[in-house]
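To start, the structure under review is shown below, and the notes come after it.
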Amino acid sequence: MDSDNVHHLHHEIETRLAEGRLCHVTDPVSSQLACLPVGVVPKPHSDKRRTIYHLSHPHKPGTHLLSFNDGIHTSFITIHYESLDMIMDFICEHPSTSLWKADLEDAFRHVIVAESDARLMGIHFDSQYYQECALAFGGHSSLFLFNLFAEFLHWLTAFALQTVSLSLTSHSDMSHYLDDFFGASDTTTSPTTPIQVLSLSAAALGFKLSHKKMAWDTTKLEILGIKLNSVTQTTSITQQ
């Protein structure tokens with residue numbers, strides 16, 4: 110691990126400790142701490158780094174114990190993701206409609222892991238032992254568990270949006286793909302309303318929207334790698 114990655118890990122650990130999303134383990138033996146290999150990878154399309162744990166690594170090599178991920182049966186964690194069909198249908202019915210999207214910030218970190226399971230996500234770094242207190246990237250069940258929270262936020266926002274809207278047809282049905290939320294509003298209503306309602310709903314549940322990934326009041330928008338244009342009524346795939 111190079112010096113930049115080591116510096117990133119030091120900063121990440123200090124930040125997570127301060128947030129209460131990582132905790133020291135003074136006696137890993139009595140705690141039965143299972144330590145995972147830890148690494149750093151670059152974030153896609155960004156100059157930032159992301160800390161990752163090897164959750165498919167055996168807890169104790171040679172003892173034939175299952176890894177963290179091997180102990181999770183995939184039949185319990187299946188997700189049926191939404192498509193772009195609803196927003197594209199709305200665009201067809203409402204030419205020049207206003208498009209919007211928003212992304213939750215540090216989404217997984219809001220989901221706390223049960224104390225009895227947290228010991229399975231330990232790390233050893235710089236002669237210190239730690240255990241995660243929140244969902245980690247790379248876990249087979251992480252997406253499914255987080256999506257339960259996202260589904261409730263989706264429902265809450267959709268209900269609130271209907272309550273404040275003068276017309277039930279002025280906004281498209283909101284869609285979400287994990288922590289990405291998106292939709293459209295016709296030209297007769299304020300294009301900021303969905304974002305405002307989503308932001309308030311997210312805050313009520315302890316979430317926060319990423320301002321860098323937020324967009325609204327536009328007729329051209331990229332959503333999940335698909336470029337939508339409500340004026341020309343076209344879609345296209347991005348280069349990435």
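Okay, so the sequence shown: first residue is 110 according to the working numbering, each after it adds one. Beta carbons: idealized from backbone N, C-alpha and C, even for Gly. Note that this is a predicted model, so its numbers are computed, not measured.
Contact annotation: L337 and T344 have beta-carbon atoms nearer than 8 angstroms.
If you ignore the 5 residues before and after A267, its C-beta comes within less than 8 angstroms of the C-beta of D282, M283, all in its own chain and listed in chain order. The alpha carbon of S251 has as its nearest neighbour, out of H263, V222, R158, the alpha carbon of V222. Cβ contact annotation for Q240 (same chain, cutoff 8 angstroms, sequence separation greater than five): L131, C132, V134, S140, L142, A227, R228, M230, G231, I232, in chain order. The beta strand (DSSP E) runs lying completely inside the stretch 123-149 and spanning 3 residues or more are 131-133, given in chain order. For E191, no beta strand (DSSP E) run applies, since DSSP gives it neither H nor E.
Here L270 is near V306, since their CB atoms are less than 8 angstroms apart. When beta bridges are read from the DSSP output, H285 appears opposite F290. Per the Cβ contact rule, the stretch 203-218 is in contact with the stretch 310-328 (3 or more Cβ pairs under 8 angstroms).
Residue state for K322 is assigned as helix, using DSSP reduced to three classes. Between V150 and Y162, the C-beta gap is not smaller than 8 angstroms, which leaves the two residues out of contact.
Counted as a single uninterrupted DSSP element, the beta strand (DSSP E) harbouring Q240 occupies residues 237-241. Each of S176, R159, L118 was checked against the Cα of G248, and the nearest Cα belongs to S176.
The alpha carbon of D179 has as its nearest neighbour, out of T278, T187, H166, the alpha carbon of H166. Distance between L314 and L262, taken at the CA atoms: about 8 angstroms. For I304, the enclosing alpha helix (DSSP H) covers residues 302-313. Look at A216 here: in three-state DSSP terms it is coil, with no helix or strand label. Residue nearest to Q342 within the set L318, I196, L275, S310 is I196 (criterion: CA-CA distance). The continuous stretches of beta strand (DSSP E) do not include H263, which lies in the alpha helix (DSSP H) extending over residues 251-273. For S345, no alpha helix (DSSP H) run applies; the uninterrupted beta strand (DSSP E) run containing it begins and ends at 343-346, by DSSP. Setting aside the 5 residues that flank it on each side, L164 is surrounded in the same chain by L145, S176, F177, N178, M230, A245, G247, G248, H249, each with a C-beta closer than 8 angstroms to its C-beta; the list follows chain order. Scanning V273, W264, G129, L333 for the CA closest to the CA of R218 turns up G129. Around the CB of I332, 16 or more other CB atoms lie within 10 Å, so the residue is classed as buried.
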